[in-house]
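Here is the structure we will look at.
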Amino acid sequence: MASLASPLVTLPLHAYRESPTAKPAFLTVKNDRHFAGHPLLSLLDKCTNTKQLKQIHAQILRGGLFFDSYSASRLFAALSLPPSSDLMYARKVFDEIPRPNIYTWNTLIRAYASSDDPAESLLIFLRLLHECPELPNKFTYPFVIKAATVASDIRVGRAVHGMVVKSILGSDLFILNALVHLYGACGQLDLAYRLFVRIMRKDVVSWNSMITAFVQGGCPEAAVDLFQQMEMENVKPNQVTMVGLLSACAKKGDLEQGRLMHSYIEKNSINLDLTLNNAILDMYTKCGRVNEAKRLFDEMPEKDIVSWTTMLVGYAKLGDYDEARLFFDAMPCQDVAAWNALISSYEQNGKPKEALGLFHEFLLSKNAKPDEVTLVSALSACSQLGAIDLGRWIHVYIKNQGIKSNYFLTTSLIDMYSKCGDLEKALEVFHSAERKDVCVWSAMIAGLAMYGRGRAAIDLFLNMQVTGIKPNAFTFTNVLAACSHTGLVDEARLLFSQMEFVHGVLPGANHYSCMVDVLGRAGLLEDAVELIKNMPINPTPSVWLSLLGACRLHTNIDLAEMAFSHLLEQDPKNIGAYVLLSNIYAKSGMWEKVSELRKLMRVSELKKEPGCSCIEVNGVVHEFLVADTSHPLSTKIYSKLDEIARRLRSKGYVPNKSQLLQLVQEEDMKEQALYLHSEKLAITFGLLSLEQSQPIRIVKNLRVCGDCHSFAKIVSQLYSREILLRDRYRFHHFKEGVCSCMDYW
DNA sequence: TTAGGGTTAG
């Protein structure tokens, strides 16, 4: 038998093919060393694709080499790792290896750590502990920690850390650096830093890991401080360090520091690779210096899709959509990320119509397909416009395309259905979601809040905690808003008082605004003022705006003027404040004060944001501004509006002019202007173009005025139509002459 | 007697 093992080693590859007499079963190994230089194994390194690897696999099986654990491990590594890996196939090969050694186990863990199923790495690690006769070694842990990092599994990460400490590998630099990275990536900056300072001989990777952790954990200042410390300790930074620091400057929007970093790179001859060049571009664009970025972009010897997308986003952020589009069109290839960058910049900059136009274009293009990120952007654009038909279509698209749902998509769907007036469907998505994180729960609570379903929102908030999900700052904003829309004062007080001490969430300015709103609406203006006085943080304009809103509701002029002046100190151009105070004066018949305010607005060149209402009919969104005559059916709409006005008057409806910002002086003009409010035009268009059975869904950019609210109530009764009107703050569901907000808004 | 850690756009 020994004589058979030896000649095999020296045979050239063709000898296998021509040697039908070879008996693999006899070729079990006596001495592994013989196989290291075996020609079949040397060929593994020359393979450029999986097909070739599979051919070698066949030869290895045929030659009996597979039963040598070294050879099997070499084959397995080639199959499971880049550049020509096929993990499914490799896994089957692994399962055939009789006694995989620690190298083979490590390779399998490593392969899964970089796959889309990193959790499998962690399961394999557990199997290794039971099945492998060798102990995990210094190579095992970095791979396992990488898997825990990618899976964001801090629990497993900490357990593995514990094992490392108990092993003899407690001071292995590779392992410690991986752990710093793990804690940083999981947002545990304290743990990362505590470990980092205890590393005795830090190398550049240790510093880079900690710098990156600070940048990605939202502490760019700390990253820059650490860099200074690194210099004092004479550790030479490399391009990875500089990428992290540029990213820190970009996050801070600190152009001066960014420039310093840029010149540091040049002075210290740090290798300017593609990634570093891209990071420099990113820093300049984020600091608003697109032209400088463009100069560097033109000089770059090599560009990739990141370079192009960075420039595109830079222009889009400045509102230069034409230039952004030019970059998009000039890109060597438009991948899904480029589409997403363009679509989301429109969507996030108040251009939801344009975003949806691009989304349509994307669907028609051949070179890429929308992914989860695209759909989240598109759904958000639908929410903004109230485009429920398209929103529903996207929901079906997600199901039909088998797109894997995630928390973001679930949250976006709930948000879209809630904001487009279909709360039932939002609830259906919520209840059918397999997994829910705090964002999913919070979105549903926000949905219920918008519809004035305060009790249901609080129930959901309690259920969420039963399932073990902890509320965050957003959850509290939403649940407090629910209380405010429903007038649940005691409940809000209790929740607010528990925030910090029971849930560990420090109340922020938003939460105080909500509480002022709750108390103020309920007429407890003194309590609201007391709360503001005792705030541990400076009251923000939104806090004063809430108080001002309450003053409007309860007509308290002194308090309103006080809130107004505080607000203007911080935000002199807050139109909302002027409008509210003007409404309060108008309500009390103080027309001189109204004129004074108007003058002040004119002097400060403040213009009220024009009211705008959207309505979707058969998948097309129609937009109406105040007194809009641009719609093709304009004439029909106005004559219908006249008819409605006549019928309304015969029912005793009188326009409520006190809601009007005093823009027109003549009494009949005032009445006219009220009739020309965008939501009335949209409702009228809805009456004309939708079937009787279809609800009229309107989205308005501003708060609905009292007159339009009464108008919608009566129309819902006179014409037997359901009207769903979403304004800036909440939903109004008009049916048979009643609104779901019970006139409490 | 095989190998490993840190980086950019959305």
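Numbering-wise (the working numbering), the first sequence opens with residue 839 and increments by one. For each residue, glycine too, the CB sits at the ideal point set by N, CA and C.
- In this structure, residue 1314 sits away from residue 1288, with a CB-CB distance that is not shorter than 8 Å.
- Contact check for residue 1134 against residue 1080 fails: the beta carbons are separated by 8 Å or more.
- For residue 985, same chain residues with a beta-carbon under 6 Å away, outside a window of 5 residues either side, are 951, 956, 959, 960 in chain order.
- Listed in chain order, the non-local C-beta contacts of residue 947 below 8 Å within the same chain comprise 959, 962, 963, 966, 978, 981, 982, 985, local neighbours out to five positions each way being set aside.
- For residue 1562, the enclosing beta strand (DSSP E) begins and ends at 1561–1564.
- Inclusion of residue 1206 and residue 1173 in the CB contact set at 8 Å is warranted, their separation being smaller than that value.
- Within the same chain, 1042, 1046, 1108, 1109 come within 8 Å of residue 1076 by CB-CB distance, once the 5 residues on both sides are set aside.
- Counting the other Cβ atoms within 10 Å of the Cβ of residue 1515 gives 16 or more, which makes it buried.
- Bounds of any beta strand (DSSP E) do not take in residue 935, whose DSSP letter is neither H nor E.
- With a cutoff of 8 Å on beta-carbon distance, residue 1228 and residue 1457 are scored as near each other.
- With a 10 Å radius around the Cβ and a threshold of 16 neighbouring Cβ atoms, residue 1136 comes out exposed.
- With a contact defined as Cβ atoms closer than 8 Å, residue 1125 and residue 1091 qualify at about 6 Å.
- Spanning the alpha carbons of residue 1120 and residue 1171 requires a straight line of approximately 20 Å.
- Looking at the DSSP output, residue 1569 shares a beta bridge with 1564.
- If the five residues before and after residue 1078 are omitted, its C-beta is found closer than 6 Å to the C-beta atoms of 1046, all from its own chain and listed in chain order.
- Separation of residue 1033 and residue 988 (C-alpha to C-alpha, rounded to the nearest whole angstrom) is 19 Å.
- Rounded to whole angstroms, the gap between the alpha carbons of residue 1461 and residue 1452 is 5 Å.
- Collapsing the DSSP output to three states places residue 1462 in a strand.
- Taking C-beta atoms as the reference points, residue 1118 and residue 1084 count as a pair closer than 8 Å.
- Contact between residue 1264 and residue 1285 is confirmed by a C-beta separation of about 5 Å, below the 8 Å threshold.
- Under the DSSP assignment, residue 1535 falls in the beta strand (DSSP E) whose first and last residues are 1534–1538.
- Linking residue 1202 to residue 915 through their CA atoms gives a straight-line distance of about 41 Å.
- By the 16-neighbour rule on beta-carbons within 10 angstroms, residue 1339 is exposed.
- Counting along the chain, residue 922 sits inside no alpha helix (DSSP H), nor does DSSP assign it H or E at all.
- A Cβ-Cβ separation of about 7 Å places residue 1123 in contact with residue 1151 under the 8 Å criterion.
- Minimum Cα-Cα distance from residue 1100 among the listed residues 1071, 1130, 1072 corresponds to 1130.
- For residue 1568, the CB contacts under 8 Å within the same chain, skipping 5 residues up- and downstream, are 1287, 1288, 1289, 1290, 1323, 1579, 1583 in chain order.
- Here the alpha carbons of residue 894 and residue 908 stand approximately 15 Å from one another.
- Annotation: residue 1078 is outside any beta strand (DSSP E); the continuous alpha helix (DSSP H) that includes it extends over 1077–1090.
- Contact between residue 1518 and residue 1479 holds, with the beta-carbon distance rounding to 7 Å and staying under 8 Å.
- CA-CA distance, residue 1428 to residue 1403, rounds to 18 Å.
- With a threshold of 16 other beta carbon atoms within 10 Å, residue 1375 falls short and is exposed.
- The criterion of a C-beta distance shorter than 8 Å is satisfied by residue 1526 and residue 1471.
- Straight through space, the alpha carbons of residue 1317 and residue 1362 are spaced by roughly 20 Å.
- Fully enclosed alpha helix (DSSP H) runs of no fewer than 4 residues occupy 1112–1124, 1128–1137 of the segment 1102–1154, in order along the chain.
- Here the segment 1431–1442 does not lie against the segment 1208–1215, with fewer than 3 beta-carbon pairs under 8 Å apart.
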